[in-house]
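Here the structure comes first, spelled out in structure tokens, and everything after it is commentary.
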Amino acid sequence: MSRISFILFPGFPMLAYALAREALDIANHMANETLFTVETRVPGHADARASNGAVMSPDRRDWDGAEEVDLALVICGEDVPRRIPNGFQGFLSRVDQGGGRLGGIDGGTVILARIGHLDNRRAVVQENDDGPFPDILLSDRPHILDDRRLTVAGGVAVGDAICAWITEVAGSALADEVARALGSGRLPDPTGPVADPDSPADPVIAEMEAKMRAHLADPLPLAELAESMGLSRKALRGRCIRATGMKPSDFYLSLRLRHGAELLRNTAMPISEIATASGFETLAGFSRSVRNNLGVSPSAVRKMARAARKVAKYA
3 MSRISFILFP GFPMLAYALA REALDIANHM ANETLFTVET RVPGHADARA
53 SNGAVMSPDR RDWDGAEEVD LALVICGEDV PRRIPNGFQG FLSRVDQGGG
103 RLGGIDGGTV ILARIGHLDN RRAVVQENDD GPFPDILLSD RPHILDDRRL
153 TVAGGVAVGD AICAWITEVA GSALADEVAR ALGSGRLPDP TGPVADPDSP
203 ADPVIAEMEA KMRAHLADPL PLAELAESMG LSRKALRGRC IRATGMKPSD
253 FYLSLRLRHG AELLRNTAMP ISEIATASGF ETLAGFSRSV RNNLGVSPSA
303 VRKMARAARK VAKYA
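Pasting the structure below:
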């Protein structure tokens, strides 16, 4: 069992917190057991008001139990406080010394950077007046899971980041199912079959697909993907073509487009955010790929889904 401690600073983005909680709840549901336990803490131990006005009461009003925490996630909005409480800093240090991972989301990355927990590491750090941070290897990826640190830009990247962490601590199969559920908004039955009938039979390619699904918003370089599986890029390409009829790059693109199409059909997210969540650097690139592969624009995909739901409602 892994224990996650969310540390919420006033003004924290509710979307980021909700996505992270949802991913962990889905993982427990899919595993049909409690793999992850969650607690919330707030510096000062008082209630914290989120960016949307909701008020959260912390589950714990102390800094005890740091040695039991596997992941401490600091969530803060754009208004990063100038003073970082000593009790909070001590808690993070004890989590780190006990072998736990430290993470930051949105402004939480700035807090970790300011107190030195990201020095000499690759990390995502939100733009802030505190910068630059010369001792940090800054990345423009949506999230980085590196050297017992997890840093996330925020927004929809949080779901992919938590899935990447679940892959590390509980395996890619579970993370893949969580990613599917987050993308579709539907939970499969954990007591029934979980295999996708369209999944390749080759277990190596199934592993490749799981890794790809855990990194839809920040696509892995194919050379890095092949190396993580103990294969050369050429060997992975050959196995992928034999199993799926597609090159790894085309297979990866199809997964990202399928994820984007699910979000278009089943959520009200802005199309620009869906593009980012599907691993596209620009809205224009996403729109072009959707049109080339589906024959219509992203907005048309959404309109057709809405029309289909209306027909079903009155049928």
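In the working numbering, the protein residues as written are 3 to 317. Heads up, the beta-carbon is just placed ideally off N, CA and C, and yes, glycines get one too. These figures come from a predicted structure and were not determined experimentally.
Whole-angstrom C-beta distance between residue j and residue i, which should lie under 8 Å
i	j	result
Val40	Ile6	5 Å
Ile138	Ala29	Between Ala29 and Ile138 the Cβ distance is about 30 Å, and since that is not below 8 Å, they are no contact.
Thr111	Thr153	5 Å
Arg235	Leu266	Not a contact, Cβ separation roughly 31 Å.
Ala181	Cys165	5 Å
Leu21	Val160	4 Å
Where residue i falls: helix, strand or coil (DSSP)
i	result
Thr269	coil
Glu41	strand
Gly194	Here the model assigns Gly194 a pLDDT of 37, short of 50, so the residue's position is not dependable, and the following value carries that caveat. It is coil, neither helix nor strand.
Thr278	helix
Phe8	strand
His261	helix
Asp61	coil
Leu147	strand
Gly89	helix
Val303	helix
Val298	coil
Gly13	coil
Ala74	strand
Ala163	helix
Ala125	strand
Arg103	strand
Arg84	coil
Leu120	coil
Ala56	coil
Leu139	strand
Ala219	coil
Ala50	strand
Glu325	Any answer about residue 325 is impossible in this case: the structure gives the chain only from 3 up to 317.
Gly187	Here the model assigns Gly187 a pLDDT of 47, short of 50, so the residue's position is not dependable and the matter cannot be decided.
Arg308	helix
Gly287	helix
Thr36	coil
Val97	helix
Under 7 Å between C-beta atoms of residue i and residue j
i	j	result
Ile77	Leu17	no
His261	Ser280	yes
Asp162	Leu218	yes
Asp178	Ala212	yes
Gly13	Asp81	yes
Arg258	Pro250	no
Trp65	Phe93	yes
Gln91	Ile117	yes
Gly79	Ser53	yes
Ser291	Pro300	no
Pro134	Pro87	no
Arg143	Asp220	yes
Gly100	Glu129	no
For residue i, the first and last residue of its enclosing alpha helix (DSSP H)
i	result
Asp27	Met16 to Ala33
Thr111	Gly109 to Arg116
Thr246	Arg235 to Thr246
Arg215	Pro205 to Arg215
Glu226	Leu224 to Ser230
Endpoints, beta strand (DSSP E) assigned at residue i
i	result
Thr153	Arg151 to Val154
Cβ-heavy atom distance, residue i to the ligand ADP, below 6 Å
i	result
Asp220	This structure lacks the ligand ADP; in fact it carries no ligand of any kind.
(message) Could you check whether the segment 233 to 246 touches the segment 260 to 276, counting it as contact only if at least three pairs of C-beta atoms, one from each stretch, sit closer than 8 Å?
(response) no
(message) Across the segment 144 to 155 and the segment 121 to 136, are there enough close Cβ pairs to call them in contact, namely three or more that are closer than 8 Å?
(response) yes
(message) Does the segment 20 to 34 come into contact with the segment 57 to 72, if we say contact requires no fewer than three beta-carbon pairs (one atom in each stretch) closer than 8 Å?
(response) no
(message) Tell me whether the segment 102 to 112 and the segment 67 to 81 touch, counting them as touching only if at least three CB pairs, one residue from each stretch, are closer than 8 Å.
(response) yes
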